[in-house]
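Notes follow once the structure below has been shown.
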Amino acid sequence: AAKKERRGFWGFLGELGRDFGNAVGSVIPPVKLCAELCEKGLNLMEDNIEKWEHNVRLLERMLEIYSNQAKASVELLEGAWESVKKMLHFYTDKHQEFIRRLKQASD
1 AAKKERRGFW
11 GFLGELGRDF
21 GNAVGSVIPP
31 VKLCAELCEK
41 GLNLMEDNIE
51 KWEHNVRLLE
61 RMLEIYSNQA
71 KASVELLEGA
81 WESVKKMLHF
91 YTDKHQEFIR
101 RLKQASD
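Quick note: the sequence shown uses the working numbering, first residue 1, plus one each step.
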């Protein structure tokens, strides 16, 4: 099996255990088997960590996209609300003008 470079604390422990197992395993074969099993376990754990890191990066990207969409939605709603307020003010002004003219006509 090809020797992989490992990172961090678990990588250090794995390397130490594998090296010890290989050294002792040349004299005691079951220890060599144990070292190989540890190597396979570490490879599996490392693959899982890489998948988790990838998933975390995807989640971060999705959160960024969601955040941008939420900001755009807020801006859109604020713009729409401002338009509605302008139309309400316009309607209120026209209604007041209509009532004033109606009063003048009835006087």
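Ideal placement from N, C-alpha and C gives every residue a C-beta, glycine not left out.
Nothing here was measured: the structure is a model prediction, and the numbers come from that model.
Where residue i falls: helix, strand or coil (DSSP)
{"i": "Asp107", "result": "coil"}
Best match in the options for proximity to residue i [C-alpha to C-alpha]
{"i": "Asn43", "options": "Thr92, Gly79, Glu82 and Glu15", "result": "Glu15"}
Beta-carbon gap between residue i and residue j smaller than 8 Å
{"i": "Arg18", "j": "Glu39", "result": "yes"}
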